[in-house]
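Accompanying notes for the structure given below.
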Amino acid sequence: MSRTRSNSPAPFGRKKLYPSSPSYSSSSFGNGRIVPRSSPASVSSHYFGNVRPAPPSRGSLGGVKVPVGFLSAEELLADEGSRSGDSISVTVRFRPLSEREYQRGDEIAWYADGERIARNEYNPASSYAYDKVFGPSTSSQVVYDVAARPVVKQAMEGINGTVFAYGVTSSGKTHTMHGDQNSPGIIPLAIKDVFSIIQDTPGMEFLLRVSYLEIYNEVINDLLDPTGQNLRVREDDQ
């Protein structure tokens with residue numbers, strides 16, 4: 001999740017918004033079973049960290065200096081034809097400034113350039129390519145249809161899958177994953193789809209199990225069982 005450029009030019013003198021201490025929440029789907037979970041956990045990774053490495057000899061592109069070891073957004077899109085059957089899809093959803101941020105004088109640092117590229121407002125040469133970039137007016141239903149529904153569909157066909165949201169605090173992870181009554185997020189929309197698929201497949205028997213966990217600072221809380229708090233994290237030998 002990230003922020004986008006407003007329709008009107010940002011006033012001068014405002015503070016720029018930059019990411020810090022990202023976290024994530026996820027939902028896992030497997031073998032006809034859906035297992036949603038919300039797992040906020042501090043990590044130390046760059047805000048736009050999903051880029052593909054390039055040969056270390058690279059230095060510049062079209063007169064614009066490009067960091068050694070990384071492809072530009074345009075090159076990533078041009079190189080896409082050589083890739084097929086990727087098992088991971090990365091999408092970005094921008095949100096507008098909140099009223100509090102606007103009143104505080106914050107301004108936009110990144111914006112959506114088309115449907116595939118995120119670009120820096122103050123350094124246009126700095127950009128990242130993704131499978132899909134959603135603007136601030138995109139509904140959660142559209143985000144689900146593009147980014148999550150294929151995973152749910154494959155899970156119901158026996159292929160394990162995970163959908164997770166990654167971003168800084170207040171970037172919109174909960175809104176995207178959970179939503180509210182007026183705008184349901186990925187988890188409720190996925191559950192609705194799962195039951196619709198079961199109902200439309202009378203000739204097949206399904207076993208549906210759900211767990212709902214919170215993982216924070218290596219501590220697990222079972223959100224469906226009030227007694228399941230401060231559970232220990234155990235490692236699987238496999």
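Using full-length UniProt numbering, the letters of the sequence shown correspond one by one to residues 1 to 238. Backbone N, C-alpha and C fix where the C-beta goes; we use that ideal spot for every residue, glycine too. From a predicted model like this one, the values you see are computed outputs, not experimental measurements.
C-beta contact flag for residue i and residue j at 8 Å
| i | j | result |
| --- | --- | --- |
| R149 | D180 | no |
| L208 | D222 | no |
| L189 | Y144 | yes |
| G185 | S140 | yes |
Buried versus exposed, by CB contacts within 10 Å (16 or more), residue i
| i | result |
| --- | --- |
| V219 | exposed |
| M177 | buried |
| S196 | exposed |
| V152 | buried |
| L224 | exposed |
| G114 | exposed |
| S87 | exposed |
| V142 | exposed |
| R116 | buried |
Euclidean distance between Cα positions of residue i and residue j
| i | j | result |
| --- | --- | --- |
| A120 | G203 | According to the sequence as given, residue 120 is Asn; it is not Ala. Each residue's Cα considered, the two are about 52 Å apart. |
| H175 | E235 | 31 Å |
| Y122 | Y166 | 23 Å |
| G135 | V146 | 13 Å |
| M156 | I187 | 15 Å |
| S171 | R95 | 7 Å |
| A118 | T162 | 23 Å |
| I215 | D237 | 20 Å |
| I108 | E101 | 10 Å |
| K111 | T201 | The residue you asked about is not Lys; residue 111 is Tyr in the sequence shown. So the alpha carbons of these two residues sit roughly 42 Å apart. |
| V210 | N217 | 23 Å |
| P124 | Q103 | 26 Å |
| F206 | V233 | 29 Å |
(Q) To test your reading of the DSSP string, which unbroken alpha helix (DSSP H) runs of 4 or more residues are found completely within the region 132–160? (A) 140–143, 149–155
Q.
For the pair the region 124–138 and the region 86–93, tell me if three or more CB-CB distances fall below 8 Å.
A. yes
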